[in-house]
Amino acid sequence: MTSSLLSSRIASLPKAELHLHLEGSIQPATVCALTAQHGVVMTEEEVRWRYAYRDFPGFIEAFKWVTSFLREPEDYALIARDLGEHLLTQNVVYAEVTLSIGVMLLRKQQPEANFEAILRATKPLESRGLRFRWIFDAARQFGADAALEVVESARRCDSKEILAFGMGGDELSIPTEAFRPAYEKAAELGLHRLTHAGEVGGPEKIREAIDLLGAERIGHGIAAIHDPALMDLLAERRIPLEVCPGSNLKTGALALQLQEEAVRIEKHPLPKLLHHGIPIVLSTDDPAMFHTTLHAEYENAARMGLLEAELARIVEMGFQYAFSSAGQTHRS
Ligand SMILES: [Zn+2]
């Protein structure tokens, strides 16, 4: 089968997106609209230049820059609406989107007001077949107290549409143990738990996420490839890895994990993880900042040698490992 026929078959399937950051999904044209609202006129070319980087610290800098223009609830409404339009082009019918509540709190904003604006902006998309659910996210480098504040924000928002508490940011910054209280509190509130781990860190970060934080899904987790016993555990306990190949290439995480300089997407460990029996959720992470789409990630997976039936199975797992029954039953 030709790759274009394969990709059009996979493209036609309804899909779920489970690892996707709202703030990393702002397309260049929308960034221009956003900066203009705050008195800074930019061209899309300039935004693209800002979105070009070669390593993880460079990516974090770009993320900080773009989020510095998210100042009012209406800014969040604008980008949430735009993300919805983008997801509809990808045949996404269900998305669990991560919100950087830690960044909102750092900037002394009110997460409740921003979240309300986001819900208002995304509700109308339900009638067009796209349903959103939300993950409140802390940035690890902001510390354990700030993480607890994020959980507290989820409590105050008191919405059934907030499904989980997660943590991203600099994986190597603060020891995992420090975040136990925040995850315990999240569990008490009935939130699911997840975290980025084993993206640029080693496999021990994934073990800690499971053992200390009770993580039910792992963001990235590609470092598992270095630890066969951990791979067994992920497979046996059905703990999915949210794998984002395009992101891993652009941040340098793939090169770092494989210890190779000029690494190509074909070398990504996704097939090995999948064939080991580990549930895989294929995702885009920050599609605008990594110049990717969900379709492009399926094409990446096909380039790694996965067969159509395997790709279809991954599409299926996107629904199966959703945190809400809305996602699990949303296949159409
Ligand atoms: Zn991520």
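The sequence shown runs contiguously to residue 328 in my numbering. All C-beta atoms in this analysis are idealised placements derived from N, C-alpha and C, irrespective of residue type, glycine included.
Unbroken alpha helix (DSSP H) runs of no fewer than 4 residues, entirely contained in the region 177 to 261, are found at 199 to 209, 224 to 232, 241 to 247 and 249 to 254, following chain order.
For glutamate 68, there is no enclosing beta strand (DSSP E), as DSSP marks it with neither H nor E. Comparing alpha carbon positions, the residue from Pro224, Gly54, Tyr90 and Ala305 closest to proline 10 is Tyr90.
CA-to-CA, the gap between tyrosine 72 and isoleucine 114 works out to about 6 Å.
Scanning its chain for C-beta atoms nearer than 6 Å, with the 5 sequence neighbours on each side dropped, one finds around isoleucine 310 the residues Ile276 and Leu278, in chain order.
Taking non-hydrogen atoms of ligand 1 into account, the C-beta of glycine 215 is found less than 7 Å away from one of them.
Under the DSSP assignment, histidine 291 falls in the alpha helix (DSSP H) whose first and last residues are 290 to 299. Here methionine 163 is bridged, per DSSP, to Ala134. Taking a C-beta distance under 8 Å as the contact criterion, leucine 269 and alanine 220 qualify as a contact pair. Valine 37 counts as exposed, since fewer than 16 other C-beta atoms from the protein chains shown sit within 10 angstroms of its C-beta. Here histidine 17 carries a strand assignment [DSSP, helix/strand/coil]. Cβ contact annotation for histidine 34 (same chain, cutoff 6 Å, sequence separation greater than five): Phe65, in chain order. Annotated three-state conformation of arginine 44 is helix, per DSSP. By the C-beta criterion, the region 224 to 233 is judged not to be in contact with the region 172 to 190, since fewer than 3 inter-stretch pairs fall below 8 Å. In terms of CA proximity to alanine 29, Val43 leads the group Leu16, Val43 and His17. For threonine 94, the enclosing beta strand (DSSP E) has its first and last residue at 88 to 95. Counting along the chain, valine 277 sits inside the beta strand (DSSP E) bounded by residues 276 to 278. The Cβ neighbour count for glutamate 257, taken over all protein chains shown within 10 Å, is under 16; the residue is labelled exposed.
Look at histidine 271: its beta carbon is at least 7 Å from all of the heavy atoms in ligand 1.
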